[in-house]
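Residue numbers (UniProt numbering): 1 to 194. Each residue gets a CB set at the ideal place from its N, CA and C atoms; glycine is no exception. These figures come from a predicted structure and were not determined experimentally. Input: a single structure, listed below in structure tokens.
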């Protein structure tokens, strides 16, 4: 057990010594980060870094889907840089896996890297209905609220073409037409027949 610890510690120290004592100029490198899953038509964030360039380099970032190629960012630099920017995600009707291609070129260097990104369709907002109690008796007043939220549970201002209140047999007993939400929540009530 103690011998294993000594061997591991010795190995780590020798690696650390090699890294610290190296006097070679670091190789140019680049890094591009983005989410693995992006919602259709949303604003997505992409960050690009160029480290230790030894010449003027051109970094080009493309979104590729089959034969379609869209330029997301292009920058020429002979110095380190780190930039983040927004881009508009494409509109997709169903899940779509596309490629983000990074191409870095100089006089004596050329690197290309491809990564996959999944675009998912935009989900419709969801309406929630809250009542003041689960069961009502004849003559009671039904108080209820309607709120519509997006996929991030952020309330939306909505105009409802029709809101109806049905009894247990499916008969419409109350109806409101062209209702706009006030402060993103619609609050209504209806008195039941005795």
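Which whole runs of the beta strand (DSSP E) in the segment 156-189 are 3 residues long or more, in chain order? Here the runs fully enclosed are 159-166, 172-180.
C-alpha distance - residue 180 paired with residue 146, whole-angstrom precision: So the alpha carbons of these two residues sit roughly 11 Å apart.
Three-way DSSP call (helix, strand, coil) for residue 62 in this model: DSSP places residue 62 in strand when its eight states are reduced to three.
Could you check where the beta strand (DSSP E) with residue 36 kicks off and where it finishes? Per DSSP, residue 36 belongs to no beta strand (DSSP E) and is neither H nor E.
Cβ atoms of residue 61 and residue 102: under 7 Å apart, would you say? A distance below 7 Å separates the beta carbons of residue 102 and residue 61.
Cα separation between residue 119 and residue 67? Going by C-alpha positions, residue 119 is about 17 Å away from residue 67.
Completely contained beta strand (DSSP E) runs for the segment 96-120, where each covers 3 or more residues: The segment 96-120 contains these whole beta strand (DSSP E) runs: 96-105, 110-120.
Could you give the distance in angstroms between the alpha-carbon of residue 84 and the alpha-carbon of residue 69? Computed Cα separation, rounded: 20 Å.
Let me check understanding here. Comparing Cα to Cα, which of 34, 153, 163, 43 lies closest to residue 177? Relative to the Cα of residue 177, the nearest Cα in the group 34, 153, 163, 43 belongs to 163.
Look up residue 75 in the DSSP assignment and give the residues it is bridged to. In DSSP, residue 75 forms a bridge with 59.
Enumerated in chain order, which unbroken segments of the beta strand (DSSP E) with a length of 3 residues or greater are wholly contained in the segment 127-161? As far as the segment 127-161 is concerned, its whole beta strand (DSSP E) runs of at least 3 residues are 141-149.
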